[in-house]
Amino acid sequence: MPPSSSHIRSVVTAYLDRHPGERDALAGLLAALDAGADPTSRTTLPAHITCSAVVIDRHRRVLHIRHKASGGLLLAPGGHVEADDDTLLAAALREVKEETGIPASALVLTPELQDEPIDIDVHAIDPNPARGEAAHQHYDVRFAFYLADGAPELALQAEEVTGSAWLPFDEVSSPTLREKLVGSALDGVIVAVNASAIIHDGRGRYLLHLRDANKPWIWEPGCWSLLGGGREPQDCTLLDTVRRELREEAGLMVADLAPYAVEHVTGNDGTRVQIQLFTGLWNGDPALLPLTEGVMLAWVRPEKFPYMTMLSSTRELLEQHAVDHPLPADGPTEPAGDARAEAPSGTVLNVVGVHLYLERGGQVLLGLRHPDSAYAGGSWHVLAGHCEAEAATACLVREAYEEAGLVIDYADVELVHTVHMRDQPTDPPRVQLFFRALRWEGEPELREPDKCVQWEWWNVKDLPEQVVPYTRAAIEGIRAGRVYTELGWSR
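In my numbering, the protein residues as written are 53 to 543.
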């Protein structure tokens, strides 16, 4: 079915947010949407929508073709929306495939624009008596794409196209498009804007994520996939992206994530998506992770991959990783760090938390927990995190950077207090380690506003009333020179 009115309105609204000065030019289109008309139908007059593809190569040139219907003018590939085009972007991709032979899989959405149009041009169309069409206007919605490496040679549609040319930005035929291209940073160079993580335990198992099957609008619905996602404005690097995605999707923190490869997959719209892949070691229990997206997480060995619903590109990638990381000589065994597998009967696992005691001039750094936080909402707390399969000092250094942008060296921290506690008799016991940083770089930043809404330096002798109880006990113990506190235990 053709694009819905709500879809068209969202596309136009996003465009006008970037180009508010063009609102008057698109007033007729907005009025047609308000009136309930179908602006994608070529029978809708006095104006309707067409869609074009602005294909940019690595030399900052734009593909133009000579349309017979336009009298041989050089124009970007494009045309009218058809009934099977469910989005305006899909119409542009279909047109470029039909007219030039370039498939969607050889095109990459630009990092700057993604699936938003670069230009919406309004131009007059002469009457066409042969088709019974009166003079009217086109709202030409134009989407920008980079041409991928290995794209096929042009195969022009002989019925409608007589030739082609690659024109530099300053020679692009459309004045409105030319102005936007010349003033842009678009360069045709394809870079990854998504990041995913290959998480393995070093003993042949891979952590895979089963995505929802009843959400066709998401990527890879119903498939086993890697954890990860797209870069967001707050991400300084793709490493920040993959760390944030792991936390948001599964509450997972993996130390020492390292770049592994850059691969491409096919997105929901059929275009090529470049992904930066990271890899890291973790050997915990997926059932204990707070999964927020998808159906489940599970450890899987490569021999099971052929029997699972996953993209072939994902399977081939994991199989290659398994080749690059062969098993130890003694073969697959349960990971040595899996305490659940090796702990003696009756042993109760303790959760380890690390905390940053940062003091300067008699003041200690505290963060105000977000009111909706699952733990201690609305209370003040030192910077803290849970220790995964990593050294406690490594966890501290990582959390300090991720939560507040503070750079701390492992050699500049010292353990100053330990709290062994249990909030409730049914809760797991916790060992809370408090480390003092002797020196650091940077000032505290709000890098996780969903968890902490404010950083503030407080006089250690005059702490706010709403401080997490065990944090207050630890600060008081540090001031008194004590190294250990117990809370919540009955004697």
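Note that the Cβ used here is the ideal one computed from N, Cα and C, for glycine as well.
Cβ-based burial, residue i [other Cβ within 10 Å; buried from 16]
i, result
"G533", "exposed"
"A525", "buried"
"R392", "With a pLDDT of only 45 at R392, under 50, the local geometry of the prediction cannot be trusted, and the value read off the model is given with reservation. Its Cβ having fewer than 16 others within 10 Å, R392 is exposed."
"L417", "buried"
"L97", "exposed"
"A388", "Caution applies to A388, whose pLDDT of 44 falls short of 50 and renders its modelled position unreliable; the value that the coordinates give is listed next. Classification of A388: exposed, given that the 10 Å Cβ count is below 16."
"W351", "buried"
"G332", "buried"
"H175", "exposed"
"D253", "buried"
"I530", "buried"
"M348", "exposed"
"S104", "buried"
"E297", "buried"
"T65", "exposed"
"E386", "Caution applies to E386, whose pLDDT of 48 falls short of 50 and renders its modelled position unreliable; the model cannot decide the point."
"E538", "exposed"
"T366", "buried"
"R299", "buried"
"A156", "buried"
Test item: CB-CB of residue i and residue j under 8 Å
i, j, result
"V148", "V63", "no"
"G80", "A99", "yes"
"A196", "V106", "yes"
"M53", "D167", "no"
"V294", "A249", "yes"
"R346", "H261", "What sits at residue 346 in the sequence shown is Gly, not Arg. Cβ distance < 8 Å, so G346 and H261 count as in contact."
"F487", "H407", "yes"
"V449", "G494", "no"
"N246", "G202", "no"
"I172", "Y67", "yes"
"N402", "V483", "yes"
"C288", "L363", "no"
"P220", "R112", "yes"
"G405", "L485", "yes"
"M473", "Y409", "no"
"D264", "A142", "no"
"P354", "A374", "yes"
"R94", "H59", "no"
"A187", "P179", "yes"
"E440", "G319", "no"
"E212", "K120", "yes"
"A489", "D464", "yes"
"V400", "P481", "yes"
"R70", "L85", "no"
Limits of the unbroken alpha helix (DSSP H) element including residue i
i, result
"R70", "57-70"
"Y522", "521-532"
"G274", "Element bounds for G274: n/a, residue is neither H nor E."
"D86", "79-86"
"V234", "227-234"
"D292", "290-302"
Supposed close pair residue i, residue j - CB separation, criterion 8 Å
i, j, result
"L259", "W334", "7 Å"
"L208", "I117", "7 Å"
"S431", "K503", "Rounded, the Cβ-Cβ distance is 12 Å, inconsistent with contact."
"A302", "L341", "5 Å"
"L206", "S216", "6 Å"
"L309", "Y191", "Rounded, the Cβ-Cβ distance is 45 Å, inconsistent with contact."
"K232", "I170", "6 Å"
"A452", "E497", "Their Cβ separation, rounded to whole angstroms, is 11 Å, which puts A452 and E497 out of contact at 8 Å."
"P129", "T152", "5 Å"
"V379", "R255", "Here residue 379 turns out to be Leu, not Val, going by the sequence shown. So it is a contact: roughly 7 Å between Cβ atoms."
"L290", "R283", "6 Å"
"L126", "S225", "5 Å"
"E528", "R499", "About 28 Å; that fails the 8 Å criterion."
Extent of the continuous beta strand (DSSP E) to which residue i belongs
i, result
"P311", "310-318"
"Q372", "Looking at the DSSP string, Q372 is not in any beta strand (DSSP E); the run it does join, the alpha helix (DSSP H), is 364-376."
"T214", "213-220"
"R146", "Note, R146: premise wrong, no beta strand (DSSP E); alpha helix (DSSP H) at 140-152."
"A447", "Note that residue 447 corresponds to Cys in the displayed sequence, not to Ala. Not the beta strand (DSSP E): C447 falls in the alpha helix (DSSP H), residues 444-456."
"N246", "246-252"
"S104", "99-108"
"Q166", "Looking at the DSSP string, Q166 is not in any beta strand (DSSP E), and its letter there is neither H nor E."
"F487", "482-489"
"M473", "465-473"
Test: residue i CB closer than 8 Å to a CB of chain D
i, result
"Y312", "The structure shown contains no chain D; it holds only a single protein chain."
**Request:** Inspect the CB distances between the stretch 461-481 and the stretch 412-423 and report whether three or more fall short of 8 Å.
**Result:** no
**Message:** For the stretch 134-149 against the stretch 233-241, do three or more pairs of beta-carbon atoms, one drawn from each stretch, fall closer than 8 Å, so that the two count as touching?
**Reply:** no
**Message:** Using a Cβ distance threshold of 8 Å, determine whether the stretch 439-448 contacts the stretch 509-528, with at least three qualifying pairs required.
**Reply:** no
**Request:** Kindly confirm or deny that the stretch 152-163 and the stretch 318-328 touch, where touching means at least three C-beta pairs closer than 8 Å.
**Result:** yes
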